[in-house]
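Inspection log for the structure reproduced underneath, given as structure tokens.
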Amino acid sequence: MKINICLFLIAGFFFIASCSEEEIDAPVTGKESLDNFSLIPVEGTIDVSLVEPDKEVIVSWTEAVSGLNSDVTYTWVAFDESGSITNPALSIPSDNEGLSTQLTFTNSQLDDALSSLGVAKGQSVTFNWNVIANNGDYTLTAETSTVTLERGEDGMSNFFLISPSDGAGVSLISATPDEIVEIIWQESFVSTGGDITYEWQADADGGDFDTPLLTLPSNNSGVENYLTLTFQQLEDALADVGIDPGATAMLDWRVVATSGNFSSISNVYSVSITRYLVEIPQLFLVGDATAAGWDNNNNNPALFRDPVNTGKFYYKGYFNAGAFKILEVKGQWQPQWGSVGDGILGVNDGTGSDPGTINVSSAGYYEFVFNGATRTYTFEPVDITGSASYTTVAIIGSATPNGWNDPDTDMVQSTVDSHIWFITSESLVNGEMKFRANDGWDVNWGSDTAPYGQGSFGGPNIPVTEATYTIWFNDLDGRYALIEE
10 MKINICLFLI AGFFFIASCS EEEIDAPVTG KESLDNFSLI PVEGTIDVSL
60 VEPDKEVIVS WTEAVSGLNS DVTYTWVAFD ESGSITNPAL SIPSDNEGLS
110 TQLTFTNSQL DDALSSLGVA KGQSVTFNWN VIANNGDYTL TAETSTVTLE
160 RGEDGMSNFF LISPSDGAGV SLISATPDEI VEIIWQESFV STGGDITYEW
210 QADADGGDFD TPLLTLPSNN SGVENYLTLT FQQLEDALAD VGIDPGATAM
260 LDWRVVATSG NFSSISNVYS VSITRYLVEI PQLFLVGDAT AAGWDNNNNN
310 PALFRDPVNT GKFYYKGYFN AGAFKILEVK GQWQPQWGSV GDGILGVNDG
360 TGSDPGTINV SSAGYYEFVF NGATRTYTFE PVDITGSASY TTVAIIGSAT
410 PNGWNDPDTD MVQSTVDSHI WFITSESLVN GEMKFRANDG WDVNWGSDTA
460 PYGQGSFGGP NIPVTEATYT IWFNDLDGRY ALIEE
């Protein structure tokens, strides 16, 4: 594509050169000399893209040394095939008012020039350029060079993540839930000048981000190039995707910038985030919906802790019509857990107000699930039709008084719920044990976790550490709790 370079114009920066010729001086006897200099070639095609409007394009040359070291001024000139050094289309002083051996343009200035020439996006133009050096006595030029400019297509610029640094680790601390984690990245630019929004994405280590685990807009509804999250927000987000309390999630994260039909994706960093380790000693039921009534020290039924997700507890059993709460210590009203909203747990640790009750509208079998990490609960009716009933349930094994021999050690059946069994002040030694029904081995439960777990029929032996325990067992789901006294 041939373009008359005499039309080249950038408002406020370039001048249109006159069509009269400027004579290059020859050496004059008795005048100050000026040494030769050379242009530094521009390699390849310069991509003039408005996705980086302030990016600088620099043309430069070697210094022309004046004989008496007086100042040398430089003028950059450009011309096409119909022009010449003495009849240029452009004549521009170099940087620093003509004293520098370089001239700096920005992509924005060059794009304006190409647009004024009628160069469409994606097209290019090539022209000649040279530099005129002058020390007041002598004018000198170098060997002419060429440069090719290509006007970039519309789009968005690349951008990169800043912090947290790649491979950083964040440990969430329950005592400071409002502490801030700030995620920062560079801004992206769009050639059309439209608004840009950012979305932070996190996926499993090595994931492809097709379905990210977490997606959040940046601050100010996606406008800012940063995202601030509290420890509690991160804790809740990790809980929602199934990361266990105290566990460390290895994540990859990136940011997607969008403007209209254009988008740009950052590089990927990795981060490790460790969830709160929820430390709840034990939980017990209290209330007229339970076997203990509103007595806080009446052999209150224990909730069954999850052996892996230790902030999660279960209780599947019979509830009377009425209400209940949850206590951490028998004989004490605080710490006390209850409802502060539909499915939302609240706690009075002894310094605040007691939460509300969890209400039971009609008697029957329910499953209550307590999640201390997310401070949520579920309470749903269950159908136990077809569930087996047992005359006795007992413990047996090397950790029990009679070892693996008969008689086994019978547990006490709840008078409110025939599927709940307990035994108090039972001294066990180092060893193993199982639960079994009806003084025989036809039905037995075991698991390899202690002091909490969920036994399966014919499962492995339960490891036991010597101590005196209150033991609870639920034959509906096989859950058990060995609570040291």
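Per my numbering, numbering of the sequence shown is gapless, rising by one per residue and ending at 494. Positions of the beta carbon are idealized from the N, C-alpha and C atoms, including for glycine. These numbers were taken from a predicted model, which means no experiment stands behind them.
Comparing C-alpha positions only, which one of the options sits nearest to residue i?
i	options	result
Gly176	Glu162, Trp262, Gly164, Leu312	Trp262
Gly487	Val473, Glu475, Phe444, Pro460	Phe444
Lys339	Pro469, Asn305, Val356, Leu225	Asn305
Val378	Lys334, Phe88, Gln343	Lys334
Glu441	Glu61, Ala408, Pro221, Asn167	Ala408
Ile367	Tyr374, Glu52, Asp351	Asp351
Phe313	Leu485, Glu475, Ala476	Leu485
Trp209	Asp104, Val250, Tyr278	Tyr278
Asn357	Glu376, Ala372, Tyr375, Glu337	Glu337
Pro226	Thr206, Ala476, Leu59, Gln118	Thr206
Asn228	Thr220, Leu222, Asp219, Leu238	Leu238
Phe88	Phe136, Ser47, Glu61, Thr71	Phe136
Leu236	Thr394, Thr71, Tyr489, Glu196	Glu196
Thr433	Thr424, Met420, Asp214, Val425	Met420
Ser100	Leu77, Ser79, Ala142	Ala142
Pro472	Ile480, Trp481, Thr458, Gln463	Thr458
Asp44	Ser79, Glu61, Ser103, Val199	Ser79
Asp104	Trp70, Ser93, Leu77	Trp70
Exposed or buried, residue i, counting other C-beta atoms within 10 Å across all chains shown (16 or more means buried)?
i	result
Glu435	buried
Val369	buried
Thr38	Bear in mind that a pLDDT of 47 at Thr38, under 50, signals an unreliable position, so the model cannot answer this.
Gly347	buried
Ser75	buried
Val491	Note on residue identity: the sequence assigns Leu, not Val, to residue 491. Leu491 should be labelled buried.
Trp342	exposed
Ala332	buried
Ser172	exposed
Asn309	buried
Ala372	exposed
Thr155	exposed
Ala330	exposed
Glu159	buried
Asn414	exposed
Pro290	exposed
Leu108	exposed
Ser58	buried
Which partner residues does residue i have in the DSSP bridge list?
i	result
Tyr147	Tyr147 is not bridged to any residue.
Met8	As shown, the chain starts at 10 and ends at 494. That puts residue 8 outside it, with no answer to give.
Thr479	Ile492
Asp304	Answer is none; Asp304 lacks a bridge partner.
Ile495	The chain is shown from 10 up to 494; residue 495 falls before or after that span and cannot be answered.
Leu225	Trp209
Met259	Ser281
Check the Cβ-Cβ distances between residue i and every residue of chain D, and say whether any is below 7 Å.
i	result
Met420	Among the protein chains of the structure shown there is no chain D, as only one such chain exists.
* Determine contact between the segment 423-433 and the segment 322-340, defined as no fewer than three beta-carbon pairs at a distance below 8 Å. => yes
* Asked: Is it true that the segment 80-87 meets the segment 117-129, where meeting means three or more beta-carbon pairs spaced less than 8 Å apart?
  -> no
* May I ask you to verify whether the segment 61-76 touches the segment 110-123, counting CB pairs closer than 8 Å and requiring at least 3? => yes
* Pairing CB atoms from the segment 253-260 with CB atoms from the segment 293-310, are three or more of them under 8 Å? -> no
* Could you tell me whether the segment 129-149 touches the segment 233-245, where touching means 3 or more Cβ pairs closer than 8 Å? => no
* Those runs of the beta strand (DSSP E) which lie wholly inside the segment 232-256 and span at least 3 residues -> 235-239
* Asked: If you scan the segment 347-404 from start to end, which runs of the beta strand (DSSP E) of 3 or more residues do you find wholly inside it?
  -> 353-357, 367-369, 373-380, 385-390
* To do: Write down every uninterrupted run of the beta strand (DSSP E) in the segment 123-190 whose length is 3 residues or greater and which is fully enclosed by it, in chain order.
  => 133-143, 148-150, 154-160, 170-172, 177-180
* Answer yes if the segment 445-456 comes into contact with the segment 391-400, meaning at least three C-beta pairs across the two stretches below 8 Å, and no otherwise. => yes
* 3 or more residues per run - each beta strand (DSSP E) lying fully within the segment 37-65 -> 54-57
* To do: Return the chain-ordered ranges of every beta strand (DSSP E) run that is complete within the segment 77-119 and spans a minimum of 3 residues.
  => 82-88, 99-102, 111-115
* Asked: Between the segment 279-295 and the segment 181-200, do three or more beta carbon pairs fall short of 8 Å?
  -> yes
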